[in-house]
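See below for the structure under consideration.
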Amino acid sequence: MRSYDHKKIEQKWQKDWTKKKLYKTADSVKGKENFQLLVEFPYPSGNLHVGHWYAFAEPDILARHLRMTGKNVMYPIGFDAFGLPAENAAIKNGLNPKKWTFGNIAYMKKQIASMGTSFDWSREVITADPAYYQWTQWLFLQFFKKGLAYKKETAVNWCPKDKTVLANEQVVNGKCERCGTEVEQRNMLQWNLKITDYADRLVDDLAPLDWPEQIKESQRNWIGRSEGAEIDFFLDFGDEKVNARTDASGKRAHIKIFTTRADTLFGATYLVLSPEHLWVKLALGHRTVLKNNEEVQKYVRVAGKKTELERQENKEKTGVKLEGVEAINPATGEKIPLFVADYVLAHYGTGAIMAVPAHDERDYEFATKFKLPIRDVVVEQTTPRVPDGVFRKIGIAIVENDKNEVLLQSITHEDRVEYGLPGGGIDEGETEEEGVIREVIEETGYTNFTNIRRIGTVESNFYNTVRKINRQALATCYALRLKNETKKELQLTELEKKVKIENFWVSKQKALELISGSQSNSGEDQPLFMRYLGDKTDPYTGAGILIHSAEFDGLNSEKARQKITEKFGTKKTTYKMRDWVVSRQRFWGVPIPIIHCPKCGDVAVPDKDLPVKLPDLKDYLPTGDGKSPLAKVKSFVKVKCPQCKGKAEREIDTFDTFVDSSWYFQRYSDPKNTKKFADAKKLQNWLPVDLYSGGAEHTTVHLLYSRFWHKAMFDLGLVKDAEPYTRRMNRSLIMGPDGQKMSKSRGNVIDPDEVVRNLGADTVRMYLAFIGPYNEVASYPWNPNGVVGVRRFLERVWRLHERLSAVQHPLVERAIHVCAKKLTEDLPQMKFNTAIAAMMLFLNEAEAKGITKGQYLVLLRLLAPFAPHITDELWHILGNKKSVHLEAWPKYDPKKVVSEEATIVVQINGKVRAQVQVASNSSEALVRAEAEKTVEKWLEGKSVRKVIFVPNRLINFVV
RNA sequence: GCCGGAGUGGCGGAAUGGUUUACGCGAACGACUCAAAAUCGUUUGGGAGCAAUCCCGUGUGGGUUCAAGUCCCACCUCCGGCACCA
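In our numbering, the protein residues as written are 1 to 959.
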């Protein structure tokens with residue numbers, strides 16, 4: 001018997017496929033639909049790990065399957081070859097980054113070949129190849145000419161010790177990765193792309209895409225669109241003449257703020273400007289505007305020096321009041337103070353906010369610290385208003401003791417018992433807090449309290465059964481702790497005496513149950529008690545109904561936002577996302593094709609001079625002034641201006657590598673073109689990408705940038721679709737056997753090359769497919785025994801080829817059709833794990849009952865996408881001349897899939913009591929007759945009230 | 001804190017509202033063998049019982065339904081992303 005020698009077989013077929021160019025993809029094939037299956041191209045780090053296998057070998061299953069179903073599938077690959085590690089290798093070990101990178105690529109290509117993937121290497125794209133980056137430069141220049149690229153002072157990470165700019169990846173916890181020095185922010189002129197111009201389209205165009213909701217949601221989050229309003233607050237300098245001064249547009253001095261909560265305008269009790277705000281700068285320059293000019297100046301300076309680390313570590317609010325100026329709340333007409341504080345960010349909105357401490361956590365914290373007024377203007381409404389509700393302010397109390405219990409009241413009247421919290425109306429002239437305490441003393445007798453906290457206010461509308469009126473109550477709740485048991489006599493009103501009031505202590509859990517279950521005549525107890533339990537005390541940041549807001553009282557937040565914006569401001573949309581900084585002060589990247597001319601300014605390198613090639617360097621060390629080593633290459637830097645032919649200098653920054661990877665999938669359609677980035681017709685053949693499989697870590701940045709890039713190209717008429725990827729899926733993570741992330745320090749790294757040597761590529765491919773669903777994001781531990789299990793399966797398949805039977809077993813025949821059906825359904829959804837389970841199930845059946853050659857050949861074709869080597873070998877052993885991978889996908893016969901018998905579950909009241917075998921599609925009457933025999937003892941003496949019958953599944957007797 | 005996603009045997013996981021735990025791994029026992037490995041076979045959620053059989057079981061607590069892992073409400077835990085974004 002021939003044994004399964006994976007080494008020999010895998011090498012043999014990999015050679016054969018390459019020789020026969022089996023996976024070379026034609027631009028188009030008559031009668032076949034094109035399908036581009038894209039995987040994120042790897043960075044040439046120099047070694048292939050299990051993650052690469054998972055990323056490349058599993059989608060390969062789908063690629064092979066789709067080819068068998070008659071699609072012209074392009075499954076391309078390339079290398080994202082620019083970037084930091086090559087530069088680090090250069091600096092650390094004096095290696096030539098180019099040699100290092102291309103050496104790694106050669107090695108990794110061999111490793112990738114060992115997977116048996118069907119990549120079309122003739123379409124390989126390498127971003128560090130001038131033939132590719134010529135077009136990266138050209139595309140950037142199209143954007144530049146259209147005004148999408150601009151230069152701007154932007155902060156970069158600067159290491160004061162190494163005297164170099166750091167990439168974000170080189171900053172760990174705010175410190176330099178290499179020397180541990182705290183990183184500073186420095187401003188440098190940098191190239192930006194106007195991605196913010198596309199923010200709305202990037203959000204809106206997500207909706208129709210066939211992407212997991214999760215990915216769409218994180219993109220929306222990242223873009224962070226919020227609809228709000230801009231409102232002007234006029235300034236008052238305490239001098240009518242000064243106040244009346246206007247600017248060029250005829251407007252009085254004012255601060256423009258952005259808010260998403262215009263409904264809380266009446267509660268704005270102060271303004272906050274960011275330290276970098278222009279008005280602050282101007283006022284400081286004037287020196288006489290602010291009475292505490294020096295103090296403010298100092299604060300602004302300190303805030304500017306704060307590093308990211310300090311801002312993250314110290315979140316306690318700081319700020320300084322601007323003396324000598326006040327703002328006027330346009331809604332209330334009230335004069336309110338201004339502050340400068342670094343909790344307001346300069347780059348978001350207008351860099352200034354109206355502070356509403358009653359309804360914003362940060363403002364609340366600040367106002368509490370600086371003792372600023374807090375005014376409620378929105379309350380939660382627990383029940384809708386009724387027409388003739390009589391308004392009443394009430395206070396309720398949550399009284400706690402040391403045993404973690406709270407005081408509850410039972411009220412008995414008209415044969416009903418209700419449970420609730422103590423409390424009552426707040427009288428004229430007393431504060432809410434005083435009113436609550438007075439009520440508690442009267443109703444419970446306890447007199448001494450400590451730790452008095454405000455929980456919040458709600459509006460509750462209800463019918464007061466005692467007074468027989470509709471009530472519109474504004475209920476404020478306080479929590480108080482019992483200081484001691486000192487008690488006074490109860491002082492109940494006549495009404496309160498009529499209903500029997502009893503006080504008792506219960507656990508918080510029990511209290512919630514009683515309050516929630518009670519036929520309480522008002523709705524305020526439960527929501528307030530929930531806030532108390534969840535520690536969700538003030539401020540109340542949710543939506544609600546307006547109070548203390550003049551004519552807007554009674555409106556809900558949504559409506560009020562509209563109305564107040566209309567009257568006092570203008571609608572405005574802002575985004576969290578900022579423009580894309582594409583400059584990097586690095587050597588190993590695509591040179592930015594711009595020439596700085598003292599006369600003409602920034603000039604695009606003419607097309608005929610592209611690519612601007614990266615020069616070969618002898619010395620890769622940074623210059624120490626923040627510039628890339630390119631600055632030292634005079635022959636590179638000194639050029640003539642393409643416009644005026646005068647002396648000029650080349651831009652020495654290079655592109656962010658996300659630029660390189662923003663369009664690589666387009667180049668796959670026409671990778672060798674020297675005249676264009678790609679031929680329009682060839683692009684049309686393959687775009688948009690039908691399925692893009694990648695890692696969850698690229699959900700936001702790469703995916704968003706490349707979508708933007710594509711849209712910008714679309715607007716220039718360079719591509720025909722506004723979106724690049726029809727379908728996107730994120731892959732899971734493979735962990736070490738211990739369930740932890742694989743890492744050298746943990747010693748749990750699985751070397752795929754070694755497993756391939758021992759068990760074969762087919763086994764590794766299939767094991768990774770079997771480990772869990774590929775279409776969902778999760779993390780799966782590598783189980784060494786599990787790999788062996790898959791190897792066992794392949795061995796069993798192998799052995800079967802010498803035991804083929806001449807007689808066909810009907811159940812095996814059905815099983816092969818069932819198996820084909822399951823795979824046909826599961827593969828397009830990338831549910832590889834259940835597909836493999838189906839083949840295992842079939843194998844169990846076939847081994848037990850015998851398999852014919854015809855059935856075996858079907859199995860080989862079903863298995864071929866998963867285990868391409870062993871199946872091609874067996875396919876040839878059985879006498880076929882052409883590769884199994886050129887075969888068509890097996891069709892199943894739906895008629896043969898159905899079983900002749902059905903197992904019917906017999907239930908009594910929904911509980912399984914027996915099962916019966918009947919012919920398929922048996923009638924209810926027949927099944928019922930059969931079923932009743934099996935469950936006689938359950939039906940004895942009882943009458944069947946109802947029978948539920950589900951054909952071929954179950955019958956349920958309800959007695 | 002906010003936004004996503006997920007909680008099912010000893011483990012990875014499966015399950016159109018219809019027998020929970022397919023398939024695989026592990027474990028136990030048996031066959032083959034001088035023996036072991038490999039291979040093959042049987043068993044394998046928990047509890048009670050000699051047994052037939054019964055009870056309980058998909059993170060927790062409620063609900064809808066003849067029937068809930070699946071639908072609804074509240075909560076807990078874990079993972080991922082964002083994080084002073086007004």
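Backbone N, C-alpha and C fix where the C-beta goes; we use that ideal spot for every residue, glycine too.
Going along the chain, which residues of its own chain have a beta-carbon closer than 6 angstroms to the beta-carbon of residue i, five neighbours each way excluded?
i: R727; result: D210, L691
i: E295; result: V320
i: E459; result: V379, Q381, L474, I545
i: F413; result: The question names Phe, yet the displayed sequence has His at residue 413. Contacts found: V499.
i: Y198; result: F708, K711
i: A696; result: N730, V777
i: Y774; result: E58, M830, F832
i: K8; result: none
For residue i and residue j, what's the separation of their Cα atoms in angstroms?
i: F587; j: V637; result: 13 angstroms
i: G51; j: A838; result: 26 angstroms
i: T350; j: R261; result: 15 angstroms
i: V719; j: P615; result: 32 angstroms
i: E227; j: K572; result: 6 angstroms
i: F658; j: W100; result: 21 angstroms
i: Q643; j: W135; result: 22 angstroms
i: A769; j: E58; result: 6 angstroms
i: L202; j: T196; result: 9 angstroms
i: P611; j: V639; result: 15 angstroms
i: K109; j: K647; result: 45 angstroms
i: R861; j: V812; result: 17 angstroms
i: Y532; j: A550; result: 30 angstroms
Between residue i and residue j, which are expected to be in contact by the criterion C-beta below 8 angstroms, what is the C-beta distance as a whole number of angstroms?
i: T117; j: D80; result: Going by Cβ atoms, the distance from T117 to D80 rounds to 18 angstroms, so no, they are not a contact pair.
i: M729; j: M830; result: 7 angstroms
i: I394; j: I501; result: In fact, because the Cβ distance is near 16 angstroms, the residues do not count as touching under 8 angstroms.
i: I595; j: S628; result: At roughly 16 angstroms, the Cβ-Cβ gap does not stay under 8 angstroms, so I595 and S628 are not in contact.
i: Q190; j: K151; result: 7 angstroms
i: V918; j: E930; result: 6 angstroms
Give every residue of the same chain whose Cβ lies closer than 7 angstroms to the Cβ of residue i, excluding the five residues on either side of it in the sequence, and list them in chain order.
i: D263; result: V378, L546, S557, A560, R561, I564
i: L148; result: L193, K194, A712
i: Y725; result: P688, V689, Y692
i: A835; result: K822, L823, D826, L827
i: R287; result: N293
i: N783; result: P737
i: A678; result: Q666, R667, S669, D670
Tell me the DSSP secondary structure of residue i in three-state form.
i: M577; result: coil
i: C159; result: strand
i: M839; result: helix
i: G103; result: helix
i: P337; result: strand
i: I592; result: coil
i: E459; result: strand
i: R287; result: coil
i: P212; result: coil
i: S899; result: coil
i: G46; result: coil
i: P97; result: helix
Quick one: residues in its chain with C-beta nearer than 8 angstroms to the C-beta of residue i, no 5 flanking neighbours on either side, listed in chain order?
i: N470; result: V386, P387, D388, G389, V390, N461, F462, Y463, N464
i: T486; result: Y446, T447, N448
i: R220; result: V203, L206
i: E496; result: E443
Can you confirm whether the region 661-670 touches the region 680-697 when touching is taken to mean that 3 or more C-beta pairs between the two stretches lie within less than 8 angstroms? Counting C-beta pairs closer than 8 angstroms gives three or more between the region 680-697 and the region 661-670, which meets the contact rule.
Take every Cβ of the region 788-806, pair it with every Cβ of the region 15-29, and state whether three or more of those distances are shorter than 8 angstroms. no
Check whether the region 857-877 and the region 790-799 touch, using three or more Cβ-Cβ pairs below 8 angstroms as the test. Yes, they touch.
Counting pairs of beta carbons, one from the region 92-110 and one from the region 29-38, are three or more of them closer than 8 angstroms? Using a C-beta cut-off of 8 angstroms, the region 92-110 makes no contact with the region 29-38, since fewer than three inter-stretch Cβ pairs fall below that distance.
Please confirm if the region 903-913 is in contact with the region 933-940, defined as three or more CB-CB distances below 8 angstroms between the two stretches. yes
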